[in-house]
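*Asks:* Let me give you the structure first, and then I'll get to my questions.
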Amino acid sequence: MLDDHDGAVLPLAIYLAELAGPRAKAVLKPAIELLAGVPSIVYGFLGVIILVSYLQDSFDMLTGRSILAGSILLGIMFIPYLTTICEDALRAVPSEFKEGSLALGANRWQTLRNVTIPAASSGITAAVLLNIGSIIGETMAVLLVVGNVARIASPIYDVFDQGATFTSVIAGEMGEVARGSMHYHALFAVGFALLIVVSILSLIADYARARIRRKFGGY
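The following block contains the structure:
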């Protein structure tokens with residue numbers, strides 16, 4: 005139903021939707037929405053100043069620009085988006101479901117675990133999958149911290165090596181290629197591959213949401 009990719013996002017969304025008091029909501033909700041509205045280039049700039057320098061010093065790297073830096077930065081960037089969407093999905097569960105569970109003798113935590121989260125799982129799953137598509141399409145922040153070296157890491161699981169993403173390759177190289185050259189067409193092929201990947205993720209999100217909704221009666 006839900007997987008480990010929800011990480012710290014789901015507990016935070018649950019806290020805001022079901023557990024937080026008015027004062028906590030008055031502080032946390034605007035803060036999360038503010039973070040969601042920060043331009044990605046600002047995250048990238050802070051990543052270069054703070055994250056890249058920290059990784060370089062901590063792991064004795066020649067440069068902190070790496071696949072690890074890009075992964076951490078993207079994770080930080082998309083926590084506010086996912087939290088907001090997951091909170092909305094939890095709030096969309098009809099109050100009658102929760103009241104019925106409580107009336108049958110379930111406590112608050114049992115209701116949350118067995119009623120609220122399953123009912124909201126279709127929206128949460130779709131949010132996770134669609135945000136993966138957004139993460140894949142992120143450009144400027146990744147371009148600044150990942151190193152933008154268009155090669156596969158060696159070994160492939162070496163997160164401390166520099167790398168590149170679909171979008172960073174296009175952004176970094178499109179301005180300097182000769183129009184009509186093989187390199188030019190290769191960049192368009194990269195863009196087409198990105199379109200295919202994101203389209204497949206969107207279809208999977210729609211399918212998963214429909215399947216979970218049929219199974220759990222989600223919203």
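Under our numbering, read the sequence shown as residues 5 to 223, first letter to last. Just so it is clear, CB atoms sit at the ideal spot from N, CA and C, and this is done for glycine as well.
#1: Kindly list the residues whose CB is nearer than 6 Å to the CB of residue 188, restricted to its own chain and excluding five residues on each side of it in sequence; keep chain order.
#2: Mind the definition here: the stretch 143-158 touches the stretch 49-63 only if three or more C-beta pairs lie below 8 Å; say whether that holds.
#3: Using the Cα positions of residue 153 and residue 56, report the straight-line distance between them to the nearest angstrom.
#4: What are the partner residues of residue 151, as DSSP defines its beta bridges?
#5: Report back the beta-carbon spacing between residue 129 and residue 213 to the nearest angstrom; my notes put them in contact at under 8 Å.
#6: Determine, using beta carbons only, whether residue 68 and residue 58 come nearer to each other than 8 Å.
#7: With 16 other CB atoms within 10 Å as the buried threshold, where does residue 5 fall?
#8: By a C-beta neighbour count over all protein chains shown, 10 Å radius and 16 as the cutoff for buried, is residue 100 buried or exposed?
#9: Three or more C-beta pairs closer than 8 Å, one from the stretch 161-175 and one from the stretch 185-204: is that the case here?
#10: For residue 199, name the three-state secondary structure that DSSP assigns.
*Replies:* The short version:
#1: 181
#2: yes
#3: 16 Å
#4: 167
#5: 6 Å
#6: yes
#7: Here residue 5 scores only 42 on pLDDT, less than 50, and its place in the model is too uncertain to base an answer on.
#8: exposed
#9: yes
#10: helix
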